[in-house]
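Residues are numbered in the working numbering as their position in the sequence shown, beginning at 1, plus a constant of 1.
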Amino acid sequence: MAHIEDPAYEKELIEHENEEYIRLNVKDDIDEQNNGTNKEANTTNGEEVKHA
Numbered sequence: 002m003a004h005i006e007d008p009a010y011e012k013e014l015i016e017h018e019n020e021e022y023i024r025l026n027v028k029d030d031i032d033e034q035n036n037g038t039n040k041e042a043n044t045t046n047g048e049e050v051k052h053a
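As structure tokens, then:
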């Protein structure tokens, strides 16, 4: 078993990794929800963007 030199630092690293994981997954969920369903999010110059 590995010895942890600085448990507080390791805890901070884990918390940061968890926050980044959550942020990335929430962004993916929002992108999926807006994929072709939100006309405001899918417009350019007032015209609807067509998705293939």
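A virtual CB, placed ideally from N, CA and C, is assigned to each residue, including glycine.
Per-residue DSSP class, three states only, for residue i
i     : result
Glu32 : A quick correction: the sequence has Asp, not Glu, at residue 32. Looking at Asp32 - three-state DSSP - the assignment turns out to be helix.
Ala3  : coil
8 Å Cβ cutoff met for residue i and residue j
i    : j     : result
Ile5 : Glu13 : no
Cut-off 8 Å between Cβ atoms - residues of its own chain near residue i, not counting five sequence neighbours on either side
i    : result
Asp7 : none
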